[in-house]
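Here is the structure we will look at.
2 protein chains.
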Amino acid sequence: MKMEHPTPMQWQFSQRAQQLQSSVIREILKVTVRPEVISFAGGLPSPATFPVERMQAAFDKVLSQQGKVALQYGPTDGYGPLREWIAQSLSTADAKILPEQVLMVSGSQQGLDLLAKVLVDEGSKVLVETPSYLGALQAFSVYRPEFVSVPGDEHGLLPDQVAAIGQGARMLYSLPNFQNPTGRTLPLERRLALVEACARLGLPLIEDDPYGALSYRGEPLPRMLNMNPQGVIYMGSFSKVLTPGIRLGYVVAPVPLIRKLEQAKQAADLHTAQLTQMVVHEVIKDGFLDQHIPTIRKLYSDQCQAMLDALEEFFPAGVTWTKPAGGMFLWLTLPKHIDSMKLLDEAIADLVAFVPGAPFYANEAEHNTLRLSFVTVPPEKIREGVAKLGKLIASKL
Amino acid sequence: MKMEHPTPMQWQFSQRAQQLQSSVIREILKVTVRPEVISFAGGLPSPATFPVERMQAAFDKVLSQQGKVALQYGPTDGYGPLREWIAQSLSTADAKILPEQVLMVSGSQQGLDLLAKVLVDEGSKVLVETPSYLGALQAFSVYRPEFVSVPGDEHGLLPDQVAAIGQGARMLYSLPNFQNPTGRTLPLERRLALVEACARLGLPLIEDDPYGALSYRGEPLPRMLNMNPQGVIYMGSFSKVLTPGIRLGYVVAPVPLIRKLEQAKQAADLHTAQLTQMVVHEVIKDGFLDQHIPTIRKLYSDQCQAMLDALEEFFPAGVTWTKPAGGMFLWLTLPKHIDSMKLLDEAIADLVAFVPGAPFYANEAEHNTLRLSFVTVPPEKIREGVAKLGKLIASKL
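As they're listed, the protein sequences go chains A and B.
Residue numbers for the first sequence follow full-length UniProt numbering, so the first one is 1 and each next one is one higher.
Residue numbers for the second sequence follow full-length UniProt numbering, so the first one is 1 and each next one is one higher.
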């Protein structure tokens, strides 16, 4: 039945596909899975935090009691009781969030894709932080926007710059709590100013918040969502507080936008697995996260401190770093003449890895920056790895 | 903290989003979930076929033995052993399929979205059947192609028409086995001719095959994939042979295209849940589908026959219908003057539902057509519903 000698295929990709490339991080991770490498390159949460037995019990219960429903096609907007739970958890006294403002997605990454799909035309202006989350830049790039980087400092973006550059933009993407990649937190007064600036411009403000619950010092700062529920698009995820492999996140937005996102999601993958949503609801509905999240905070906070101590001990003058109040990452700035991409090759030869900073910039990259994750490496290995890196960097001075 | 009197938001959607709309079928389904309605409108498989206990045992086993891996982020291309299983199941003596040609996706719908994303520019010519699967038209529409309908007859599309209209097209989308919506099957000689015609044009040929296993008369016809593995893109799914709610499908294509699709998937949702893939592999790896699929075939085949018998008994002359050799649907053609969209309102008032045919046409619709599903309605209800419909149609003649 097979054709003999068919003409070899010349694949013609779409313009958007031609600029797609694999994430630098995913490429680096392939190298650093070797067990002998001390890797600060990962963006993965620690599997030590996964409540495996509790998830298993919930799968058992949901499949025993509602198996046929859980395994059938489900609604595009998501599982009702979970959307209600999310709406309630995000409501404040003066800013109530309704379940119909919640769209369940297959991980936050899908939320980023859908938002760009419905809000961005080719050449549309999209405002991002300097630096910004790489996965967001990747997701948005597919729709070929013009990225505009909002200037910032060690506390995050500068809201007073937004009015000047935000005119006519389609959205502003921010990650205010323990940002990936820098670990920095946007202060309260900047949140208020940013919400105001965007509202004045009629500019949709995306508040991506995967790490908000992982605060090392009590509750995180107020959400921008609750400052202006009519103008802020909030994104949450179960990846960092339960497990990432189930691929479950959510977008919260005003209803007209949610309906449009729902249509886009229907065309993209019909809906997110009903079973997963029912299981997560079963796991969290009676307050499990209130006991579970503090154990994650403790683990990450201790490892963060171990890294900060090691940096202090082993790193030469001329290198600076952020001191995160939560999350999974910190950010290093090396002397200007050191290119972290080149440094990585030597580091890997030395069996220690990190992520170079350049790919996190939408426009002009600062090549002397890099990201370290402290969440999957135990304290003694953190010390060992940081000592190696410090020695390597000192040799360049 | 809440802003007082923010400016009301004027949402500006992208051009692609402006033409997005909710599926007609999903809208109809909302009406027809009322238990008193006999609904032939669904596209859902029968939950009676879901192997719930077996799935439950597999979730238990995978979570007990490999919980931390199953719940962590996973590779974008999918779970290796499952990709191997799929590659092997699709290989023939003279056309071996390799695991690296397989990309796991979150249901076939995502495969459709990714294919259009990487192959279609605005205005690109895309060839589809007459009529075609609505979910594919929806997924492709987002990328604003120019649809060209390939003429067909009761046996499916006419391959000798492709050379004339396919020049410069980016892809041809076909569903050769027990097509949704018509139930028709593309004969072997047309498959060979279609594969040849597309190869000559250098035109990627998509073979969407969600129903292939649901043949009522032995094995289905040979796959076009195996006739030209270098030019055919094959799409498969676990939705109709296991359960749809887990959202698991796959795309099989030459490696250069798979790598590009993988990059697009990474930007769209990182990867499909590792846990789901490991569970499905656990369920099927020892030949379960060989025992399970015949039970689905038997159920659907009996109900299909019940519907064909009832149509014969209750339908007036002047109405014709397809006689499917498998799958979930059959297709009715009414006298020209009857618009099935208008008929639906009266049918629902009469407590019986179907899907009007018009939305399945990419170009000029035939408004006197409609789709019936027989898989979720028991035989006595099929008889009752078809009798009502027959009476209603007879009243229009």
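We put the beta carbon where it would ideally sit given N, CA and C, even for glycine.
Only a predicted model underlies this, so the values are computations on that prediction, with no experimental measurement involved.
Worksheet entry | C-beta neighbour in chain B for residue 189 (chain A), strict 9 Å | no
Worksheet item: Nearest to residue 221 (chain A) by alpha carbon, out of A:289, A:3, A:277 and A:326?
Response: A:326
Item to complete: Assuming residue 364 (chain B) contacts residue 392 (chain B) (C-beta within less than 8 Å), just tell me the rounded distance between them.
Response: So it is not a contact: roughly 26 Å between Cβ atoms.
Worksheet entry | DSSP state of residue 294 (chain B) mapped onto helix, strand, coil | Here DSSP, grouped into helix, strand and coil, assigns residue 294 (chain B) to helix.
Item to complete: Assign residue 116 (chain A) to one of three DSSP states: helix, strand, or coil.
Response: helix
Worksheet entry | CB contact check: residue 297 (chain A) to chain B, cutoff 9 Å | So, not an interface residue.
Fill in: Spatial neighbours of residue 316 (chain B) in its chain, beta-carbon cut-off 8 Å, leaving aside the 5 residues before and after
Same-chain partners within the cutoff: 390, 393, 394 and 397.
Practice prompt. Determine the direct distance from the alpha carbon of residue 341 (chain A) to that of residue 350 (chain A), and round the result to whole angstroms.
Written response: 15 Å
Discussion item. Whether or not the stretch 128-139 of chain A and the stretch 169-180 of chain A are in contact is what I'm after, with contact meaning three or more pairs of Cβ atoms, one per stretch, closer than 8 Å; do they touch?
Written reply: yes
Practice prompt. Say whether the stretch 203-210 of chain A touches the stretch 78-96 of chain A, bearing in mind that this needs 3 or more beta-carbon pairs closer than 8 Å, one atom from each stretch.
Written response: no
Worksheet item: Grouping DSSP H, G and I as helix and E and B as strand, with all else coil, what is residue 63 (chain B)?
Response: If DSSP states are grouped into helix, strand and coil, residue 63 (chain B) belongs with the helices.
Worksheet item: Leaving out five residues before and five after residue 95 (chain B) in sequence, what residues of the same chain have Cβ atoms less than 7 Å from its Cβ?
Response: 226 and 229
Worksheet item: Where does residue 243 (chain B) sit, in a helix, a strand or coil, going by DSSP?
Response: Of the three classes helix, strand and coil, the one that applies to residue 243 (chain B) here is coil, per DSSP.
Discussion item. I'd like to know if the stretch 46-63 of chain B and the stretch 283-292 of chain B are in contact, where contact means that at least 3 CB-CB pairs between them fall below 8 Å.
Written reply: yes
Worksheet item: Which word fits residue 30 (chain A), buried or exposed, when buried means at least 16 other C-beta atoms lie within 10 angstroms of its C-beta?
Response: exposed
Item to complete: Note down, in chain order, all residues in the stretch 236-252 of chain A with a beta-carbon under 7 Å from any beta-carbon belonging to chain B.
Response: 243, 244, 245, 246 and 247
Discussion item. Looking at residue 197 (chain A): is its Cβ nearer than 9 Å to the Cβ of residue 188 (chain A)?
Written reply: no
Worksheet item: Using a C-beta to C-beta distance shorter than 8 Å, which residues of chain B count as neighbours of residue 222 (chain A)?
Response: Those are 1, listed as they occur along chain B.
Worksheet entry | Beta-carbon proximity list for residue 356 (chain B), same chain, < 7 Å, skipping 5 on both sides | 340, 341, 344 and 370
Discussion item. Can you check whether the C-beta of residue 110 (chain B) is within less than 9 Å of a C-beta belonging to chain A?
Written reply: yes
Discussion item. Between the alpha carbons of residue 311 (chain B) and residue 305 (chain B), how many angstroms are there, rounded?
Written reply: 10 Å
Item to complete: Can you give me, in chain order, the residues of the stretch 4-17 of chain A that have a beta carbon less than 8 Å from any beta carbon in chain B?
Response: 6, 7, 8, 9, 10, 11, 12, 13, 14, 15, 16 and 17
Fill in: CB-CB length for residue 114 (chain A) against residue 77 (chain A), believed under 8 Å
Incorrect: roughly 12 Å between the Cβ atoms, too far for contact.
Worksheet item: Where does residue 260 (chain B) land, buried or exposed, given buried means 16+ other C-beta within 10 angstroms?
Response: buried
Fill in: Neighbour flag for residue 271 (chain B) against chain A, beta carbons, 9 Å
yes
Discussion item. Quick check on this structure: which residue in B:265, B:329, B:288 and B:232 has the alpha carbon closest to the alpha carbon of residue 135 (chain A)?
Written reply: B:265
Worksheet item: For residue 371 (chain A), which residues does DSSP report across the bridge?
Response: A:331 and A:355
Worksheet item: Taking the Cβ atom as the reference point for each residue, do residue 41 (chain A) and residue 301 (chain A) lie within a distance shorter than 9 Å?
Response: No, they are not a contact pair.
Worksheet entry | Contact set between residue 226 (chain B) and chain A, taken where Cβ atoms lie within less than 8 Å | Within chain A, the C-beta atoms nearer than 8 Å to that of residue 226 (chain B) come from 1 and 2, in chain order.
Worksheet entry | residue 409 (chain B) versus residue 160 (chain A): straight-line alpha-carbon distance, rounded | The structure shown does not extend to residue 409 (chain B), since chain B is modelled only from 1 to 397, so the question has no answer here.
Worksheet item: Taking the C-alpha atoms as reference points, what is the distance between residue 178 (chain A) and residue 234 (chain A)?
Response: 15 Å
Discussion item. Here's the rule: buried if 16 or more other CB atoms are within 10 angstroms of the residue's CB, otherwise exposed. What is residue 100 (chain B)?
Written reply: A residue is called buried when at least 16 other Cβ atoms come within 10 angstroms of its Cβ; residue 100 (chain B) does not meet this threshold and is exposed.
Worksheet item: Just to confirm, are residue 353 (chain B) and residue 366 (chain B) a CB contact at a threshold of 9 Å?
Response: Pairing residue 353 (chain B) with residue 366 (chain B) gives a Cβ-Cβ distance that is not under 9 Å.
Worksheet entry | Enclosing beta strand (DSSP E) for residue 208 (chain B) [first to last residue] | 205-208
Discussion item. Between residue 55 (chain B) and chain A, is the shortest Cβ-Cβ distance under 9 Å, so that the two count as touching?
Written reply: yes
Worksheet item: Which bits of chain A does residue 59 (chain B) rub up against, with CB to CB less than 8 Å?
Response: 56, 59, 60 and 63
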